[in-house]
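Every number in our numbering is 2 more than the matching position in the sequence shown, counting from 1. Using N, Cα and C, we set each Cβ at its ideal position, and we do this for glycine too. All values derive from a computational prediction rather than experimental measurement.
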Amino acid sequence: MLRSKTIVLGVTGGIAAYKAAEIASQLTQAGAKVNVIMTEEAVQFISAVTFRALTGRPVVTEMFDLASEFSIEHVSLAKAADIVVIAPTTANIIAKLAAGIADEMLCCTVLATKAPVLIAPAMETNMYTNPITQENLSKLRARDFVIVGPATGWLASGKVGLGRLADINDIIGSVRQVLGRGGDLTGRHIVVTAGGTQEPVDPVRYLSNRSSGKMGYALAEAARDRGAKVTLISAPTSLPEPVGVNVIRVCTAEEMRQAVENVTLQADSLIMAAAVADYRPRKRAKDKIKKGKAGLTLELECTSDILGTVKGDFIKVGFAAESSNVLENARAKLKQKRLDLVVANDITASDSGFGTDTNRVTIIDRKGKIDSLPLLSKREVADRVLDQVAALLPKPKSRRSSKC
């Protein structure tokens, strides 16, 4: 999504300006062409040399810099931008943008661009909550500016309050979401499940598995970046919630079943990447089970077959995490659960099992076609899966006419 995109990164004069260096670095590493514009005040907090080194691009610090490639036609950055990101954004810049003032290069660029504009406010709590600042932000929202944050945390004053720059991952996630508008999944609702369910034994113990949730979360982010409305039904994980994704937290297989049935009523595709427990204790102990000399016997019962029983007019994708006879078991799952696609992987492999950042999978469609992928990042695997989902989805016009 970011590869080959032109991003104008505006940096304004706040203590959080140093965090903009990490934003510039991550965007550049993702393949974006990052052009940085610094206000006069921003240069007091961080050097332009830092951004030039990180992006490999000239940094604009003046309206009329004869040494800059943008000096003659000062709106050239505005025309080239796929998105303008201002992080951090001070109260002063917010006020100028709301009033349409263009007395320096950053505001001039924003006024001249037709690209979407994303701002990440960062300032002292009282400055942010001031009615004037709030009114200015309302004006920008009405003009379709995307506003990320601020967060609550430690401020430059030494106090804790609202006004801290939003988390960098949230800012970059929002950039991806904005750039994904108009993607091949725009207007689609994709439901993804992730993580390993937990089946309580007593108040402190449960039965579960080693799923990290990374594959499901990668799928949710990839679908978001392609323009989809995404609902992520997540069993417990240590992963941060993807920005721009509706996350429903569940614990047990039964809770996941209920959530899946509810949200798939309006879904275009269900991708079951979660590792749902196959069994649960028949009875849950009310109190903590004490250790005894004779050991412990648990009577187990089957959990619901979510993927096999959920009904609806949507594309169903399952995952087959196998330790032997991978393709044979995956084909059986595809047939038994009446899936459109099944994604199979060998969980015994050290580089593609539970908890890794990479995966080596084989995608099998309902016609038996096999697509064996090499070792890829889970995000790359997610996009390859979504390529096939997008190809299976009916055209919006034909879908609407079928309901008439």
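Check, Outcome
"Touch test, the stretch 116 to 133 against the stretch 32 to 48, Cβ-Cβ under 8 Å, three pairs minimum", "no"
"Neighbour-count burial assignment, A269, 16 or more Cβ in a 10 Å radius", "buried"
"Pair within 8 Å by beta-carbon distance, A346 and V328", "yes"
"Helix, strand or coil at A361 [DSSP, three-state]", "At residue 361 the sequence reads Asn, which differs from the Ala that was named. Three-state DSSP puts N361 in a strand."
"R5, enclosing alpha helix (DSSP H) - first and last residue", "Note, R5: premise wrong, no alpha helix (DSSP H); not H, not E."
"Reduced DSSP category for V38 - H, G, I as helix; E, B as strand; rest coil", "strand"
"DSSP state of N264 mapped onto helix, strand, coil", "helix"
"Runs of alpha helix (DSSP H) lying entirely within the stretch 105 to 158, each at least 4 residues, in chain order", "107 to 114, 127 to 131, 133 to 144"
"Under the three-state DSSP convention, the category M274 falls into", "strand"
"Bridge partner(s) assigned by DSSP for E1", "In the structure displayed, the chain extends from 3 to 406; residue 1 sits before or after that span and is not available."
"For D389, the nearest candidate out of D227, A50, S210 (CA to CA)", "D227"
"Unbroken stretches of the beta strand (DSSP E), 3 residues or longer, contained in the stretch 189 to 244", "191 to 196, 231 to 236"
"DSSP state of S374 mapped onto helix, strand, coil", "strand"
"Three-state secondary structure assigned by DSSP to V162", "strand"
"Straight-line Cα distance separating I250 from D280", "21 Å"
"Beta-carbon proximity check, I173 vs V193, cutoff 8 Å", "no"
"Cα-Cα separation, R401 to L343", "Any reading at R401 needs caution, since the residue's pLDDT is 44, under 50, leaving its predicted position unreliable; the model's value is listed next. Looking at the two C-alpha atoms, the distance is approximately 20 Å."
"Spatial neighbours of A153 in its chain, beta-carbon cut-off 6 Å, leaving aside the 5 residues before and after", "R166, A168"
"Cβ-based neighbour list, I96, same chain, cut-off 6 Å, excluding 5 preceding and 5 following", "N138"
"Secondary structure of V312, DSSP reduced to three states", "coil"
"Exposure of S240, with buried meaning 16 or more beta-carbon neighbours within 10 Å", "exposed"
"Backbone CA spacing between I273 and V203 [nearest angstrom]", "28 Å"
"Beta-carbon proximity check, G215 vs T188, cutoff 8 Å", "no"
"N- and C-terminal bounds of the alpha helix (DSSP H) containing L56", "50 to 57"
"Contact belief for T52 with T30 at Cβ below 8 Å, rounded distance in angstroms", "In fact, because the Cβ distance is near 12 Å, the residues do not count as touching under 8 Å."
"Beta carbon of A255 nearer than 8 Å to that of E303", "no"
"Backbone CA spacing between M217 and P242 [nearest angstrom]", "13 Å"
"Nearest-angstrom Cα separation, counted from S27 out to V38", "11 Å"
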